[in-house]
Structure formats: structure tokens, C-alpha cells
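The number in the numbering used here is simply the position in the sequence shown, starting from 1, with 982 added.
Ideal Cβ placement from N, Cα and C applies to all residues, glycine included.
From a predicted model like this one, the values you see are computed outputs, not experimental measurements.
Written out below as C-alpha cells is the structure these notes cover.
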Amino acid sequence: MSASGLNNRAKSHFSLQEEHELEGMEKGAWVNPAYNASPPMSPLNISTVYNPKPTLENPYGNISKLDVPSPYCADIRALEPSGEKKKSPGCCFFLAKGIRGLWGTTLTENTSENQELYLRTTLRELLVYILFLIDICLLTYGMTSSSAYYYTTVMTDLFVNTPSDNGVTFQSIGDMADFWSFAQGPLLDGLYWSKWYNNQSLSNGPHSFIYYENMLLGVPRVRQIKVQNNSCKVHRDFRADILGCYDVYDPQKEDTVAFGLINGTAWQYHTEDQMNGSSQWGLLATYTGGGYYQDLKMTRDESADILMTLKNNLWLDRGTRAVFVDFSAYNANINLFSVISLLVEFPATGGAIPSYQIRTVKLIRYINNWDYFIAGCEIVFCVFIFYYVVEEILELRIHKLSYFTSIWNILDVVVILLAIIAIIFNAFRTIKVNSLLGKLLEQPDIYADFEFLAFWQTQYNNMNAVNLFFAWIKIFKYISFNKTMTQLSSTLARCAKDILGFAIMFFIVFFAYAQLGYLLFGTEVQTFSTFVKCIFTQFRIILGDFDYDAIDQANRILGPIYFVTYVFFVFFVLLNMFLAIINDTYSEVKEELSKQKDELQLTDFLKQGYVRTLMKLKLKKEKISDVQKALQSGSKELVFEDFRNSLKEMGHADQEITAAFTKFDHDGNQILDEEEQNRMKRELEEKRVALNAEIEHLGRNYGNNTLHQSADIVDVKNSNINKAAGVSHDEFQMLLRRVLQLEHSVGSIVSKIDAITVKLENLDRTRMKRKDVTGTPLENISEVEMARNLDGLVNDQINTWATAASQGKALGGTTHETKSNLYPRIGWPGTLDSALPPMKTSNHS
């Protein structure tokens, strides 16, 4: 091997350690060769002494290095560039190297030409993300309870479904009289519990405990919102008969003038800021947090008197558009708050429309051991968010705005932003609840406004639910690296443009039918009463959930026509076009994936990791066996030189031999006595048994055939010394071509050898035939005739020699020389050979 080849071999060996060295620390965390230009390097003169002895080398980088000698001797050294001194890496180097190892992803590492590095990095990201997903699941589900549903059901049955003496429930309120019947009956009965079921008084102090378990927080509040008189215009033909006009609710037309008894909060308007309220949604409109309000008292009798006063003084009139009844309860058994808001809207059409909102939330977080465990998960969650924030910053630094071209990167940002908002709200909620509960304990007879906190706690729970949904969807980012997992994402990505283009045509037809249904049936059918309801109703028609009789009664002619044409064009034609586009694209993607060459899969990578672990254990076991063999000399004393020579013959390094010997040579005399040998044997036997158990444990996951096959594969791979960093795709293709050429050459050689074998067999058969032909005449000749013929041949040969000898003498040559040149160099038997003239000595005689 040439000197340049050795230098290249040594450079490739050192590249694993040098590839992570950083340049220009002031420019960023590290220099990524995939996205940043490499700084100019000074030429390195590398002198090596290469040891061609094949040794086991870890072909997978620094994941799990085997404890075996390096294939390079200690004489391998890299000379510094001329005129420069080698600088030891500083703290910034190790810090940046740690950052790269901790935050390295497929977007920060150059994985385009190294499938193994891509799989290793993806697997590490997946494992970290699974831990994050487990943590966020614990947080989300740990803040909810199955008791919340039953708590909500109990409160709903008590305040919504319980009838009054005249049979009026909250849901059946149809006018103002029904409202007062409900307020003075089921409402007061449900709020104030003062006796047991046997009429025995409860000893709970001033507080009321609903269903004996749920403490009423503060006092309930009744609030109404009104509109001004003459907020709308009456036609001149009816002005003489209609004296007032109250428009539908609008914040600009809200009445703020005191009325009735004038004195008291129930008769004077209060703004939203004065009441520390917030706007609320209704079925007909969104109402502000201000209005006219009346707080009830701590006892049922006092509250009943207040409601009677309001009713007698006509607190509700034609201008009333909404009445709210708000109160809160707390159940200490399950640590849940129930914030209840009962709303009765009085539209301009007359009548009443009841609705309610019961929010069961957990506002006090840390009470029992499970809550403190969730608190620990919250801390871990914050650490994960910090980790991913740094990761996103590093990726943004590399890719700039092109980072947002991937939907997965956008999803990462969304998950992180939602998580940061959740962390901020969690801290705000804790502070706000503690403050509100403190005021409530100081003044128990005031209204406890938990509506704001309950609303945002509900939004917080909804946000966590959405965030958890995105977090689960994000798993596809890490598992879509093989053919099976990429089918879905590739299909949707490829057909996105076709679906988007066809969706425009679909929604044109869809919205056309929606406005048609709204105009045809909006005045009679509740599911078509608004344009938004029409849209959802048409989706329900596609799913088969539809009341056909309702539209048939509303319009007996156009109703069936609308239904039949909508089902035909939208359901049978347009919707199936979507399915056809997706199905066709899926077939194309699947066909293309089937033609692609198989790459290194995750299962192969995991299998290789298993084999590496197994080989490491086997190497340790072989070392122990070698040392045990060295101890089997039978002598009472074992000299270090004999111990060293025995292990050196087995291929062990001097450092390992010395360390093993010194560990048991307590007196330091370079000799192991019988006691020291026994101690070494016992420890080696214990290690051997432990390694056998560990190997057996690993073997349970794989069959013996797979183990041997995988071990052979690793042995072949480890025989290549420069495999520490793996091979690129181009190198693999080059090696593949060479192997194919070698197979072709071997095949050609085998075919030629077969041809030669055939020819040899033919010659052998021909020789046998000739032997048969020549041997047949001789079998018919007698022995006498054969002897006679032989004597004749001999005499003829002698005469020929005599003639030649006489001719040679006539030419003037010596007899000895002439005979030696003319006589054949063979020995004849008997006296005939002695009668012949002497010949020169020959090696062939």
C-alpha cells in the first residue's frame, strides 16, 4: 500500500473525531456542513503506521464502542500545520459540542447521504418526543376527572329539570310568569338546603350545602339587560295604537336609565367595569357584563322576600331582553367547582327562550399526592418546552424562512406556542383563584364571581385538548421514514392541489343548496332557521342524519325536489369525485414506492444494535475464557511473563493483560500464588455466569438462526476497518458494481473450468477406445510368435546401430562420442544392456 493510501486511511479514521470540531464560535452553535460553508483548512501532514490485522471495529459511530484494541497502532500521529501550535479546545467548544449532541435533529445534521445517521437521529428524536407526549398526556388527563360529568349531571337535574308546583321547569319557561314561578320555586329550593330528608335541621352554620355536599359560594346574583323604549320606529298607521317600540338587543340601544323603585342595585344601571363582569353568549345575541342586578341573601326566606319585591314592582317589563341567574358551588370531596349560569332571553317577538351553562372546573390544583405528582409533571413539561424552544431557534437559524415551508415545522411552532400560553395561564389562574378565595372568606355574604375564571379555565382545557391532538398527530413526523408510513402523507401531499381545485366547485354547489334551503324552509324548520344551521344540516344529510318529513311539510313541491337533487349531485357525484381523486393518487404513490430500492429500515437498525450488544457480551466472554485458559497451567505460582505470553498469543493487548494481572497481584511481586489464582478464577467464573445470563436474556427476543446470521453479518462488516463512519450511497453503489463484476468473472472462470473438464473426459474416453483397439490383435498371438518377433526387432535395431557406428567412424569422430549421440538413452534388460557400448551419464537413464 502506498504512502498516500495510508494517509487517506488515517484521515478517514480521524474524521470521526474531527468532524464535530467547531469553527467560528461567535457565528453560532456549530457549523453544519449541510447548510454552512466549511472554513478553509490548513493542510495536515499525517504520518501513519498501519496495522492490517483485522479487528472488531464498531461500524456505527460512537453509540456503543466495543472494548477492543484499535486497528491503528500508537505510532499514528497527526502533525500540526507548520508554524502553528495546537490549541486545546476551550469551554465554548465543549459547550457547543454538548448543544449539538443534545439538540441535534434531522434538520441540523447532514443526513442526506447517510441513511443510518438519519435513522439514528430520527429514533433519538422519537424517543425524546414519546417522553414529552407521555408527560403532556399525564398533565391533560390529570386535570380532568370522571366525577366532573356526574357533578354536572346532578346540578343539571336539580336546577334545569326540577318542576315547580305548577309543573314549570327551567327548560319549559315560555314567558315572564313562568320565570317567576321557576325563580320562587325550584331555584330557591335548589339553592338553600337547611334540613335533612327527615326535616332535621342541618348544622352547617350560615352556608348552604346543596345535596349536603356542595357548598354554595357567596350569594347568587340575578341580573337583567334591557333596551330603550322607542329604539325602533312604529309605522304611522299604528302609532295611535302602539305607544312604545322595543327593538332587538343591541349594545348601542341598551337602556341605562334608573326605573322602578330607583333606590337599590336592582333599579339602577351598572356598567361592566363597575360589576367586574364580562360579556356572555346567548342564543339570540352576545350580551355585555353590565345591567341591573340584585344579590340574594344567605337564607331562603330573605331571598324569597327579595324576589317577591322584584316581581311586585314589575322588575321585568317589555324592555327586558335577558335575565341571568349566576352562582357557584364547591365540592370538597372531589375538589371541583360548579359555576352555573341560567339565562332566559326575552326576544322582541315575545315569549322566552331559556338556556344554561354549567361549567365544572378544577380551580384549586394542589391538594393530594396525585396533584403534587401532576405538579412535578408540569415542571418536566416546562423543561421539555424549553428544550424544544431552543431546538426551534437552532433550526430557524439554519433554514431561515424556508423552515416554514414544511407543515411539520409549522405544527411544531403551534404546539410550542399553545404550551407557552398554557404555562402562563396556569400561573395566572393560581394567583387569581387564591386572591378570589381570600376575599370570599373575608366577606362570605357577597357574590362570588367565578364566571371569568371558569370561562377561561374551560378555554384552557379546550386549548390543552387541541394541543394534545396536535401532539399525537406530530408522531407521523417521526415515523414516516419508511414506505408504509409515507403512503398517507405522500398521497395527501400529491393530491392536495387537485382536491383544492375540485373543492372550489364542490362548495359553490354546496353553498348554493344551503341558501336555497334557508330561503325555502327557514321560517318553518328549526334546522334551517339560520344559514349556518343550513350548512350543518346539509352535512348531516350526507351522513344520513336528516328529518325529511320536516321539509316535506314545509314545502310539499320544492322540498322533495331539493332533497333528491342535492343527494344526487352533491352526494353521488361530487363527494365521490373526492374519493376518486384520493384513490387514484394512492394507487400512483403505492406503485412508485414499490419500485423504489429498499433502504436501511428502522427494524434493521434496531437489529444491528441488538447484534452489537450481543457481540460486545461475546467479546467479554471470550476474554474471560482466554484468561481462564491461561490459568489452567496447574502450577501453584503463575509468573507474569507466562501469563502475558499466553494471552498475547490469543490476541490481547498488553494494557488489558497488565490490568487484569495487577488487579489480583496484591503483593506486587509479578507472581500469582495459589490463593490469588483461586480468587481470579472465582471472579472470572462469576462474570462468565453473569454474561451467559445476559446473553440468554437477549436471545429470548430473537431466534438462534437470526442471531448467528446477524453475528456473521457484523463480523463481515467489522472486518472492514474504515467502516467507523459507515459508507455513503455512492460508495455503496461502487462496491455493489465491483461485487457484480467479481461474480461475473467467477462465473466465467467456472464455465471455462467446466469446458476443460469436458475435454479431459473426452480425451480419456478416446484413449480407452484406442487401448481396446490395439489390445485386441495381441491377444490372438502365441508366446512363441511374440518371442520370435521380439528377437527380430532387436536384431534389426542392432544392425541399425552397427550401420550408424560405421558411418560415424568414416566421418572421423570418436566411437565414444558417436555412440553417446546416436544410441537411445534407455537401459535394456539382461545381457543385452551389458553388451551395448558405454554411454554418457544422463539424468534420464
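{"Check": "Can the beta-carbon of Glu1098 be found closer than 7 Å to that of Tyr1460?", "Outcome": "no"}
{"Check": "To which residues does DSSP link Arg1309 through a beta bridge?", "Outcome": "A small fix is needed here, since residue 1309 is Phe in this sequence, not Arg. Phe1309 pairs with Ile1322."}
{"Check": "So within the segment 1413 to 1495, which uninterrupted alpha helix (DSSP H) runs reach at least 4 residues, ignoring any that extend past its ends?", "Outcome": "1433 to 1455, 1457 to 1461"}
{"Check": "Are Tyr1132 and Ser1320 close, meaning C-beta to C-beta below 7 Å?", "Outcome": "no"}
{"Check": "From what residue to what residue does the beta strand (DSSP E) around Asn1565 run?", "Outcome": "Looking at the DSSP string, Asn1565 is not in any beta strand (DSSP E); the run it does join, the alpha helix (DSSP H), is 1558 to 1577."}
{"Check": "To the nearest angstrom, report how far apart Phe1386 and Ile1524 are at their CA atoms.", "Outcome": "36 Å"}
{"Check": "Determine contact between the segment 1243 to 1259 and the segment 1321 to 1329, defined as no fewer than three beta-carbon pairs at a distance below 8 Å.", "Outcome": "no"}
{"Check": "What separation, rounded to the nearest whole angstrom, lies between the Cα atoms of Trp1390 and Cys1364?", "Outcome": "21 Å"}
{"Check": "Using only the alpha-carbon positions, how far apart do Ile1455 and Leu1722 sit?", "Outcome": "44 Å"}
{"Check": "Would the beta-carbon of Ser1261 fall within 7 Å of that of Thr1270?", "Outcome": "yes"}
{"Check": "Give the secondary structure of Asp1778 by DSSP, where H, G and I count as helix, E and B as strand, and everything else as coil.", "Outcome": "helix"}
{"Check": "When you compare the segment 1499 to 1514 with the segment 1473 to 1482, are there three or more beta-carbon pairs, one atom per stretch, that lie closer than 8 Å?", "Outcome": "no"}
{"Check": "Quick one: what does DSSP say Phe1191 is sitting in, helix, strand or coil?", "Outcome": "strand"}
{"Check": "Hey, out of Leu1199, Lys1293, Leu1115, whose CA is closest to Phe1161's CA?", "Outcome": "Lys1293"}
{"Check": "Suppose contacts are defined by Cβ-Cβ distances below 7 Å. Is Cys1477 in contact with Leu1121 by that definition?", "Outcome": "no"}
{"Check": "Within its chain, find whatever has a CB closer than 7 Å to the CB of Arg1347; leave out the 5 residues flanking it on each side and keep chain order.", "Outcome": "Asp1353, Thr1412"}
{"Check": "State the CB to CB distance for the pair Asn1449 and Ala1401, rounded to an integer number of angstroms; the pair is presumed to be in contact (CB under 8 Å).", "Outcome": "6 Å"}
{"Check": "Using DSSP with H/G/I as helix, E/B as strand and the rest coil, what is Ala1304?", "Outcome": "strand"}
{"Check": "Give the list of continuous beta strand (DSSP E) stretches no shorter than 3 residues that lie fully inside the segment 1317 to 1373.", "Outcome": "1318 to 1327, 1335 to 1343"}
{"Check": "Rounded to whole angstroms, what is the Cα-Cα separation between Ile1731 and Val1740?", "Outcome": "14 Å"}
{"Check": "Specify whether the segment 1281 to 1291 and the segment 1221 to 1240 touch according to this definition: at least 3 beta carbon pairs, one from each stretch, less than 8 Å apart.", "Outcome": "no"}
{"Check": "DSSP on Tyr1179, reduced to helix/strand/coil?", "Outcome": "coil"}
{"Check": "Can you give the Cα-Cα distance for Leu1173 and Tyr1429, rounded to whole angstroms?", "Outcome": "14 Å"}
{"Check": "In terms of alpha-carbon separation, which member of Phe1492, Ser1417, Asn1537 lies closest to Val1555?", "Outcome": "Phe1492"}
{"Check": "Who are the Cβ neighbours of Asn1211 in its own chain at under 6 Å, not counting the five residues just before and after it?", "Outcome": "Gly1226"}
{"Check": "Helix, strand or coil for Gly1200? Go by DSSP, reduced to three states.", "Outcome": "strand"}
{"Check": "Nearest CA to the CA of Ile1486: which residue from Asp1566, Met1559, Arg1205?", "Outcome": "Met1559"}
{"Check": "Check the C-beta distance from Ile1207 over to Ala1304 and give it rounded, since I have them as a contact under 8 Å.", "Outcome": "5 Å"}
{"Check": "Please report the residue range of the alpha helix (DSSP H) in which Asp1223 lies.", "Outcome": "Element bounds for Asp1223: n/a, residue is neither H nor E."}
{"Check": "Could you pull the DSSP bridge partners for Ser1263 from this structure?", "Outcome": "The residue you asked about is not Ser; residue 1263 is Trp in the sequence shown. Trp1263 is bridged to Thr1268."}
{"Check": "For Glu1195, tell me which candidate among Arg1203, Val1204, Pro1202, Ser1185 has the shortest Cα-Cα distance.", "Outcome": "Ser1185"}
{"Check": "So what's Tyr1174 in DSSP terms, helix, strand or just coil?", "Outcome": "coil"}
{"Check": "Since Pro1276 is in the beta strand (DSSP E), which residue starts that stretch and which ends it?", "Outcome": "The amino acid occupying residue 1276 in the given sequence is Gln; Pro does not appear at that position. Here the beta strand (DSSP E) through Gln1276 covers 1274 to 1277."}
{"Check": "Give the straight-line distance between the Cα atoms of Ile1543 and Leu1561, rounded to the nearest whole angstrom.", "Outcome": "26 Å"}
{"Check": "Residues in the same chain with beta-carbon distance under 7 Å from Phe1434, minus the five sequence neighbours each way, listed in chain order, please.", "Outcome": "Ser1260"}
{"Check": "Taking the alpha helix (DSSP H) that Gln1166 belongs to, which residues open and close that run?", "Outcome": "First-last for Gln1166: undefined, no H or E at that position."}
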